[in-house]
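113 is the number of the first residue of the sequence shown in the numbering used here; add one for each residue after it.
Below is one structure, written out as structure tokens; the observations come after it.
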Amino acid sequence: MTYSGYLRKLIPIIVLLIILCMPILVQGQVTDITASFDYSGSIKSGEVKIFHFPGNDLYLELKVTTDSAADFYIFTESGYDEYCDESAAYFHPEETAERKTSFSWSKKLTQGYYLVIDNDYVSESGTIPTGTVSYDIDVGLDVVRPLNPLQENCFLIIVIICVVIGAGIIWYLKAPKNVKLPPPPTAVKVKCPTCGFETENGPCPICQPPGTHVSGQPSEVNIQQ
């Protein structure tokens with residue numbers, strides 16, 4: 113058999129393989145997410161968009177918005193296999209939000225997870241596609257667990273209190289102070305060596321009455337007549 117004869121026999125097999133793989137292609141290619149990112153895209157009617165988050169022990173913070181209703185599913189590895197199995201009567205997502213225009217989810221990734229944005233009619237309770245859906249996805253991956261709103265508010269209050277206390281301390285240290293004047297000097301009492309009488313900064317009024325020299329002799333007083 114010639115080469116062209118082999119090729120003619122292989123063409124039907126190749127076409128059959130393409131047809132068998134079409135459900136996988138319609139399901140959409142899986143996008144692996146290993147770091148934080150923001151992305152916008154669109155999903156045609158009858159298609160889905162799939163994101164895979166590996167189990168790397170990071171904390172995941174996920175937010176998705178769409179311009180029209182869609183179905184959002186979070187699957188574990190085994191749950192995703194069940195979702196892709198067209199012969200399965202049911203699938204069991206870990207988190208579900210059907211007929212919604214927004215979805216948020218947070219988790220520590222101890223195992224692999226899949227996010228499916230579904231614009232196909234795969235669930236009886238899900239959205240019936242009416243056209244292309246545009247979406248915005250915001251993924252945060254960090255080694256530190258994100259704070260919830262209550263924790264954020266408590267942290268903000270603590271920061272404000274610390275700022276107020278710090279400003280008060282700075283104002284107190286820089287504010288002008290009322291300097292207290294030193295007390296006036298106290299008079300020193302001296303004991304008279306003759307009579308023992310204590311006097312302040314002057315001759316003894318007993319031993320040296322006014323008009324008497326320190327030597328004890330009366331001073332001369334000229335009286336004009």
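For glycine and all other residues, C-beta sits at the position ideal for the given N, C-alpha and C.
To the nearest whole angstrom, what separates the beta carbons of A201 and E194, a pair I think is in contact under 8 angstroms?
Incorrect: roughly 10 angstroms between the Cβ atoms, too far for contact.
Among all the DSSP beta bridges, which residues are the ones paired with K175?
According to the DSSP secondary-structure assignment, K175 is paired through a beta bridge with S216 and D250.
For L253, the nearest candidate out of L174, S152 and I155 (CA to CA):
For L253, the closest of L174, S152 and I155 by C-alpha to C-alpha distance is L174.
So, using beta-carbon positions, are S235 and D197 closer together than 8 angstroms?
No.
Between the CA atoms of Y192 and T178 - distance to the nearest angstrom:
Here the C-alpha atom of T178 lies approximately 22 angstroms from the C-alpha atom of Y192.
Using 8 angstroms as the Cβ pair cut-off and three pairs as the minimum, do the stretch 158-170 and the stretch 217-225 touch?
Two segments are said to touch when three or more pairs of C-beta atoms, one from each, lie closer than 8 angstroms; by this definition the stretch 158-170 touches the stretch 217-225.
How many Å lie between V302 and P296 at the Cα?
Those two C-alpha atoms are separated by around 19 angstroms.
Using 8 angstroms as the cut-off, can you tell me whether the stretch 141-157 makes contact with the stretch 210-224, which would need three or more C-beta pairs spanning the two stretches below that distance?
As far as the Cβ criterion goes, the stretch 141-157 does not touch the stretch 210-224, which means the pair count is below three.
Anyone know if the C-beta pair for I249 and Y151 falls short of 8 angstroms?
It is a contact, given that the beta carbons lie within the stated cut-off.
If S154 sits next to T242, beta carbons under 8 angstroms apart, how far is it from one beta carbon to the other, in whole angstroms?
Not really, about 14 angstroms apart at Cβ, beyond 8 angstroms.
Per DSSP, which residues does A209 bridge with? Please list them.
Under DSSP, A209 shares a beta bridge with F184.
Does the beta-carbon of I273 have 16 or more other beta-carbons within 10 angstroms, so that it is buried, or is it exposed?
That one is exposed.
For F149, count neighbouring Cβ atoms within 10 angstroms of its own Cβ and tell me buried if that reaches 16, exposed if not.
Exposed, by the Cβ-count rule.
Tell me, to the nearest whole angstrom, how far the beta carbon of T213 is from that of Y185; I am working on the premise that it is less than 8 angstroms.
With 8 angstroms as the limit, T213 and Y185 do not qualify as a contact, their Cβ atoms being about 15 angstroms apart.
Counting C-beta neighbours from all protein chains within 10 Å, is the total for T239 16 or more, i.e. buried, or is it exposed?
T239 is classed as buried because its beta carbon has at least 16 other beta carbons within 10 Å across all chains shown.
Could you give the distance in angstroms between the alpha-carbon of H204 and the alpha-carbon of E264?
Whole-angstrom Cα-Cα distance: 33 angstroms.
Between the CA atoms of L172 and A287 - distance to the nearest angstrom
Our two residues, A287 and L172, have alpha carbons roughly 49 angstroms apart in a direct line.
Please work out which residues of its chain come closer than 8 angstroms, Cβ to Cβ, to E206, disregarding the five sequence neighbours upstream and downstream, and give them in chain order.
Excluding its 5 nearest sequence neighbours in each direction, E206 has C-beta neighbours in its own chain below 8 angstroms: I186, F187, T188, G191 and Y225, listed in chain order.
Give me whichever residues DSSP pairs with D144 in a beta bridge.
Looking at the DSSP assignment, D144 forms a beta bridge with H164.
Which class does I240 belong to by DSSP, given the choice of helix, strand or coil?
Under the three-state reduction of DSSP, I240 is assigned to coil, being neither helix nor strand.
Which listed residue (I270, I277 and Y233) has its alpha carbon closest to that of E159
Across the set I270, I277 and Y233, the C-alpha of Y233 shows the shortest separation from the C-alpha of E159.
If you compare alpha carbons, which of E210, K156, N168 and D169 is closest to A181?
Checking every option, the nearest Cα to that of A181 belongs to E210.
Kindly indicate which residue of C319, L293 and T298 has the alpha-carbon position closest to the one of C304.
Cα-wise, what sits closest to C304 is C319.
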